[in-house]
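Residue numbers (the numbering used here): 549 to 1027.
Structure record follows, encoded as structure tokens.
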Amino acid sequence: MRTVAYYRSSTSLQEGSVTTQQRHIREYALKNHILIDEEYEDEFVSARKKSMKERPGLQRMLTDIRKGLINHILVYKRDRLARNLEEHMELYQLFKKHNIQVTFVAENEPPMRFDVMGELFELFIGVMNQREGQQINERIRDTKITNFQSGKSIGRLPYGYKTDSEKTQIIRIEEELHIVKMIFSEWLTEKYKNTNELRKYLKSRGIKRRGKDWTAQRIEEVLTQPMYMGLRIKNFGGIKAHRSVKDLAVITPEQFDKAQELLEKSKTPKAEPKKFDYLLTGLIFCNKCGSPLVEKVRQKHGVPYATYECKEHKEIIEQIDVENKVILKTMEFFNVLLKSNFKDLYTRYAKRNIQQLNLLIKELDRELKSLEDKLIRETNRYLMQETKKKEETIIMLQQQINEYKNRKLEAELQKIQYQKVDEDSNTLKMQLRKEVFEKLNFTEKQVLLKDLIREILADSQVIKIVFKHPFLEISEVEI
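Next comes the structure, spelled out in structure tokens:
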């Protein structure tokens, strides 16, 4: 069994550092006579701020999993893998598909199971980790906002200001602010069609910005900076914080508003860049290394066109070409299905899924009964004033009950869908006819392809489609 370890830290703090995780994992491996063949790490990478694709260590590990090079992964805790629910479940499904044993070495971290209840458990854990990450982010953001509004944190200052040696006070740079006032004064005369014309005027007068010529962009930064009218504005995770600094103002709010109005008039509307819809997102991988192909827009003779690319192997595959070939082969594959005993196969598949859903519904009913009994007990205690801190518990229990009910409803709806054998099979037959498929909207096409295809391995020379149609074994075709 080939065993690897994965580490991720978002800060350099000792408690959650890569070094600390490494020590715990190596101690566990030594105690349990496990040989670690390779280690992957992402140091100082926040799982809240960066997606899985932006974590090189994790991507290398996932590529090796897809290549069949890994059997066992050692990780300190689940939140080292993902803080996002969607990514957490994506990893879970990948581990399940490749039969990966995942071991968490932290105390009180339950093992990962690949069954119905295991998936349900991972779903709840993923929600909790995501919420915990959001709460951490919110606390950090609120602290930053408080420090900014109280003046404890000054942050980056615009042209014309600096901090004292203690970095606690803002100091005016009068010679620079004189230039700022002159820029606003000139702009408000309405003599200039755009900031580039104002740039030419400043250059002709020999007026420089800290020894360098002014640029149109720098002039616009001055004209749009609210600090010059005595208001500091800073964005903290989508929330704008304001702080009045009227003693530092050099123009009036009225002058600032007029400058914005003239700026808006001076700008020539830019042509919207052409957007492309990528039909094979999440399905297409590099045939050489197994990494997900990234989407990119290139130019040919001034005309934009879409591609799927592997940066490591410099593979560039035109979107329209690969998508047309995949659609054609998918239709051919489905036509083969139609010639076989389609309805019987679909019925067998639906029956298997209905059985699994029945087990899930039964387990959800059991959990609901337990939660509802507990809610009744806690509510009675609260009403009898046996405790003062039961409101939060009652609310939490009610939320859990609602979540379980939603899961049960979803399972029952899926069960009803699987029971509609004739309708479903006829719908699939219709959708895979070329003229009907082309009339589907983008989302419908994407869902249909994801139902039929497990993965596509592609490079500039070959395209391999691995079908995962639910009522047949995996079938692979090569274009």
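We put the beta carbon where it would ideally sit given N, CA and C, even for glycine.
Source: prediction; values computed, not measured.
Any idea which residues DSSP pairs residue i with across the strands?
{"i": "Ser792", "result": "Leu779"}
{"i": "Phe784", "result": "Ile787"}
{"i": "Ile1028", "result": "Shown here, the chain extends from 549 to 1027; a query on residue 1028 therefore has no answer."}
{"i": "Pro840", "result": "Phe833"}
Which word fits residue i, buried or exposed, when buried means at least 16 other C-beta atoms lie within 10 angstroms of its C-beta?
{"i": "Ser733", "result": "exposed"}
{"i": "Gln867", "result": "buried"}
{"i": "Phe592", "result": "exposed"}
{"i": "Met549", "result": "exposed"}
{"i": "Gly708", "result": "buried"}
{"i": "Ser558", "result": "buried"}
{"i": "Glu802", "result": "exposed"}
{"i": "Thr567", "result": "exposed"}
{"i": "Asn677", "result": "buried"}
{"i": "Leu606", "result": "buried"}
{"i": "Glu507", "result": "Because the chain in this structure spans residues 549 to 1027, residue 507 falls outside the shown range and cannot be described."}
{"i": "Leu746", "result": "buried"}
{"i": "Glu769", "result": "exposed"}
{"i": "His849", "result": "exposed"}
{"i": "Leu876", "result": "exposed"}
{"i": "Phe833", "result": "buried"}
{"i": "Asn647", "result": "exposed"}
Report yes or no: is there a C-beta of chain C within less than 8 Å of the C-beta of residue i?
{"i": "Thr829", "result": "Judged by its chain identifiers, the structure shown contains no chain C, having just a single protein chain."}
Nearest by alpha-carbon distance to residue i: which of the options is it?
{"i": "Ile719", "options": "Gly666, Arg704, Ile688", "result": "Arg704"}
{"i": "Leu771", "options": "Leu827, Phe804, Gly778", "result": "Phe804"}
{"i": "Pro840", "options": "Leu811, Asp1007, Val884", "result": "Asp1007"}
{"i": "Asn783", "options": "Gly616, Thr694, Leu633", "result": "Thr694"}
{"i": "Gly778", "options": "Ala789, Glu769, Arg914, Val798", "result": "Val798"}
{"i": "Arg571", "options": "Leu671, Val653, Arg661, Glu802", "result": "Val653"}
{"i": "Glu787", "options": "Thr691, Glu602, Ile702", "result": "It should be noted that the sequence gives Ile, not Glu, for residue 787. That would be Thr691, whose Cα lies nearest to the Cα of Ile787."}
{"i": "Arg1002", "options": "Asn989, Val874, Glu992, Lys953", "result": "Val874"}
{"i": "Leu828", "options": "Thr763, Thr855, Val1010", "result": "Thr855"}
{"i": "Asn656", "options": "Asn742, Lys625, Glu871, His849", "result": "Lys625"}
{"i": "Ile573", "options": "Lys877, Asn954, Thr651, Glu915", "result": "Thr651"}
{"i": "Asp999", "options": "Leu1005, Lys987, Val1014, Glu986", "result": "Val1014"}
{"i": "Ser594", "options": "Lys987, Glu602, Gly759", "result": "Glu602"}
{"i": "Val851", "options": "Pro821, Gly674, Phe662", "result": "Pro821"}
{"i": "Arg614", "options": "Gly838, Glu723, Arg628", "result": "Gly838"}
{"i": "Lys844", "options": "Ile864, Lys836, Ile832, Asn835", "result": "Ile864"}
{"i": "Glu994", "options": "Gly830, Met637, Gln697", "result": "Here residue 994 turns out to be Gln, not Glu, going by the sequence shown. Comparing Cα-Cα distances from Gln994 to each of Gly830, Met637, Gln697, the minimum goes to Gly830."}
{"i": "Glu635", "options": "Pro658, Leu671, Asp663", "result": "Leu671"}
Assuming residue i and residue j are in contact, meaning their beta carbons sit under 8 Å apart, how far apart are those beta carbons, in whole angstroms?
{"i": "Leu919", "j": "Gln947", "result": "No, Leu919 and Gln947 are not in contact; Cβ-Cβ is about 10 Å, not under 8 Å."}
{"i": "Ala789", "j": "Leu736", "result": "Not really, about 28 Å apart at Cβ, beyond 8 Å."}
{"i": "Val552", "j": "Ile582", "result": "Between Ile582 and Val552 the Cβ distance is about 11 Å, and since that is not below 8 Å, they are no contact."}
{"i": "Gln773", "j": "Pro817", "result": "That pair is no contact at about 24 Å."}
{"i": "Met1035", "j": "Phe643", "result": "An answer regarding residue 1035 cannot be provided, because it is not within the stretch 549 to 1027 covered by the chain."}
Practice task
Could you pull out every unbroken beta strand (DSSP E) segment of at least 3 residues lying fully inside the segment 642-721, listed in chain order?
Solution key: Here the runs fully enclosed are 649-652, 709-711, 718-720.
Practice task
Only counting runs of 3 or more residues, tell me where the beta strand (DSSP E) segments fall wholly within the segment 842-915, in order along the chain.
Solution key: Counting only runs of 3 or more residues that sit fully inside the segment 842-915, the beta strand (DSSP E) segments are 842-848, 851-858, 863-866, in chain order.
Practice task
Write down every uninterrupted run of the beta strand (DSSP E) in the segment 554-591 whose length is 3 residues or greater and which is fully enclosed by it, in chain order.
Solution key: With a minimum length of 3 residues, the continuous beta strand (DSSP E) runs that stay inside the segment 554-591 are 586-590.
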